[in-house]
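Have a look at the structure below before the remarks.
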Amino acid sequence: MDSERTPDTRLRVALAAADKPIVVDTSEKLEQAAAEWANHALIGVDTEFLRERTYRAALGLMQLSDGETAWLVDPLALENLTPLRTFLENPEHEKVIHSGSEDFEVIHHQLGVQPAGALDSQIACALLGQSLQLGYHHAVNWLLDVEIEKDHTRSNWLKRPLSRGQLRYAALDVVLLPAMMERLRAELERLGRWSWMQEEVSRMQRKSTEDANPAPAWKRIGGAGSLSDKERSVLRALAGWRERIAAQKDTARGFIVPDAVLIVMARAMPGSHTALEQIDELHTKSIQRFGSVWLDLVAEAKSAVPPDPLFQLSTLHRKWLAAMRRTVAQAAAELKVDAALLASRKQLERLIARHVHSRDIPGRFKGWRYPVITEDLLKIMRR
9 MDSERTPDTR LRVALAAADK PIVVDTSEKL EQAAAEWANH ALIGVDTEFL
59 RERTYRAALG LMQLSDGETA WLVDPLALEN LTPLRTFLEN PEHEKVIHSG
109 SEDFEVIHHQ LGVQPAGALD SQIACALLGQ SLQLGYHHAV NWLLDVEIEK
159 DHTRSNWLKR PLSRGQLRYA ALDVVLLPAM MERLRAELER LGRWSWMQEE
209 VSRMQRKSTE DANPAPAWKR IGGAGSLSDK ERSVLRALAG WRERIAAQKD
259 TARGFIVPDA VLIVMARAMP GSHTALEQID ELHTKSIQRF GSVWLDLVAE
309 AKSAVPPDPL FQLSTLHRKW LAAMRRTVAQ AAAELKVDAA LLASRKQLER
359 LIARHVHSRD IPGRFKGWRY PVITEDLLKI MRR
C-alpha cells in the first residue's frame, strides 16, 4: 500500500477494489496472486463457508486483500492450493482476520494449515473497549466511519456461479482489514496490549485444531444434568457414538439424532426394538438403520461405571461466583473493556469447578489475564 496516500484516499481505494475483485480460479491466477501477496507485510484474510448439514464447515471461498486489491480464491475450482497454503504458513506476512475462531477451524480442516502471524481485529477492538462480539460491519463503522451493507450473509457459498453481488460482498469483508489493523495496532501498542491480542489469537488457533472428543460429548447436551447415574451412562454412550458417526459421515449431529431424542432415549433406556418403537421421537427408518447398535450401546452402558455428574454450584460456590463477578466488573471498568473479555459467567463457573476438582486453572486464566484478574479470583476461593 502506498504510504504517501492519505487515510481517506486509502479507504476509497480499498472500497473501489471491492467493486472489481480478482477471482482466482485457475492455477496460473493463484501463482500470480501468491507472488503479489509476498510483496506485503500485512494481508487481510476472510473465508466464506457453509455449515448446515455437515459436521465440519465446507469452505466456499477465501478472500485476501492488501487494501488495494481483493483476491477471491475459489477452492472449488482449484485442485492444487499449495501456493495459498505456503503463503498462509509464512510467518513473514501478518494475516488479519475479524473474529477468526471459525475461520481458523475451516482453514485447518479444509487446508490443513494454520495462518502464521495471525491477528484478530475483533479481539483488538475488544481490548480497546468495544463489545467482545463486535461484528465486522460495526467495527468498520467505529474505526473508519464507513458503512457497508450486510447483503448475502446467508448465501450458499458452495453454489456456482457466484453472483456479482456475492463477489462484492465477499471482497468488502476483507479490503478494509489492513487499514483497520494499522489503527488498532498503534493504540494497542500504546496501552501495552498488543501481546495480549497475540496471545488470544494463539489460544484460539490451538483450540481450532483440537478434534472433538467423543467421550465428553454428552456434557454439551441440554438436560444432561438432570439424569440419574444410569441415564448419564446411557447418554454418554449414545452421544459418543453420534459424535463418531457424524465425523465419519461429515453430517451434522442433529441430522443423525437430535439432542432432545438422545435425552429421551437415555431416560427410556430401551432394551428391545419394541421399546424403541414406543419412543415417538424416533423415526422408523432410524430404528431400522441404527436400532441394533443403540440397543447394544444401552445394554453395555447400563452395567458401565457412570460418568461423574455435571458440576453443580453449592451455596459456597455461588458466593464465590458473585464475588468473582464483582471483581471482574471492577477490573473491566478500570481497563475500560467489556467484562466478557476478561471472563464470562460460564468461564468463572469452569474456573470454580476446576479449582474444586484439581486445584488447576483453565488455560484462559493464565497468560496476560493472570496478573490482571486471575490472582484476585483465586484469592476469593482461598478465603
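The sequence shown begins at 9 in the numbering used here and counts up one residue at a time. A virtual CB, placed ideally from N, CA and C, is assigned to each residue, including glycine.
Contact set for residue i: own chain, Cβ-Cβ below 6 Å, skip 5 residues either direction
i           : result
residue 265 : 250
residue 331 : 388
residue 349 : 134 and 140
residue 398 : This structure gives no information on residue 398, because the portion of the chain shown stretches from 9 to 391.
residue 244 : 226 and 315
residue 183 : 22, 25, 26, 73 and 78
Residue span of the beta strand (DSSP E) that contains residue i, given as start and end
i           : result
residue 56  : 50-58
residue 28  : Residue 28 -> no beta strand (DSSP E), and no H or E assigned at all.
residue 167 : It is not in any beta strand (DSSP E) - residue 167 carries neither H nor E in the DSSP assignment.
residue 72  : 66-73
Cross-strand partners of residue i (DSSP beta bridge)
i           : result
residue 142 : Residue 142 pairs with nothing; no bridge assigned.
residue 127 : 104
residue 78  : 73
CA-to-CA distance, residue j to residue i, given in whole angstroms
i           : j           : result
residue 384 : residue 138 : 24 Å
residue 345 : residue 151 : 16 Å
residue 229 : residue 267 : 6 Å
residue 68  : residue 115 : 11 Å
residue 9   : residue 75  : Low confidence applies here, because residue 9 scores a pLDDT of 47, under 50, leaving its location unreliable and the question unanswered by this model.
residue 196 : residue 36  : 39 Å
residue 43  : residue 169 : 26 Å
residue 335 : residue 342 : 11 Å
residue 62  : residue 253 : 12 Å
residue 232 : residue 366 : 23 Å
residue 295 : residue 158 : 43 Å
residue 125 : residue 301 : 46 Å
residue 279 : residue 314 : 18 Å
residue 213 : residue 104 : 13 Å
residue 326 : residue 356 : 11 Å
residue 27  : residue 13  : 20 Å
residue 88  : residue 46  : 18 Å
residue 190 : residue 202 : 12 Å
residue 113 : residue 307 : 36 Å
residue 322 : residue 277 : 30 Å
residue 235 : residue 305 : 17 Å
residue 259 : residue 64  : 8 Å
residue 320 : residue 377 : 25 Å
residue 171 : residue 238 : 53 Å
residue 179 : residue 145 : 13 Å
residue 21  : residue 176 : 14 Å
8 Å contact criterion, which residue i and residue j should meet: CB distance rounded
i           : j           : result
residue 310 : residue 242 : 7 Å
residue 55  : residue 111 : 5 Å
residue 66  : residue 58  : 5 Å
residue 147 : residue 106 : 6 Å
residue 129 : residue 185 : 6 Å
residue 123 : residue 39  : Going by Cβ atoms, the distance from residue 123 to residue 39 rounds to 20 Å, so no, they are not a contact pair.
residue 274 : residue 246 : 7 Å
residue 81  : residue 121 : 14 Å between Cβ atoms; not a contact.
residue 317 : residue 261 : That belief does not hold up - the Cβ atoms of residue 317 and residue 261 are roughly 23 Å apart, past 8 Å.
First and last residue of the uninterrupted alpha helix (DSSP H) at residue i
i           : result
residue 302 : 292-310
residue 95  : 90-97
residue 14  : No alpha helix (DSSP H) contains residue 14, which DSSP labels as neither H nor E.
residue 202 : 202-216
residue 34  : Run containing residue 34: none; DSSP gives neither H nor E here.
residue 237 : 237-257
residue 220 : No alpha helix (DSSP H) holds residue 220; DSSP gives it neither H nor E.
residue 387 : 383-390
residue 320 : Run containing residue 320: none; DSSP gives neither H nor E here.
residue 264 : 261-264
residue 185 : 185-199
residue 283 : 281-285
Sequence-distant residues of the same chain with beta carbon closer than 7 Å to residue i, five excluded per side
i           : result
residue 272 : 287 and 289
residue 299 : 281 and 284
residue 131 : 205, 208 and 209
residue 337 : 347
residue 217 : 116 and 122
residue 19  : 152, 154 and 187
residue 164 : 58
residue 312 : 241
Sequence-distant residues of the same chain with beta carbon closer than 8 Å to residue i, five excluded per side
i           : result
residue 41  : 30, 32, 72, 79, 81 and 91
residue 328 : 360, 388 and 389
residue 363 : 369, 386 and 389
residue 166 : 58, 66, 68 and 84
residue 269 : 287, 289 and 290
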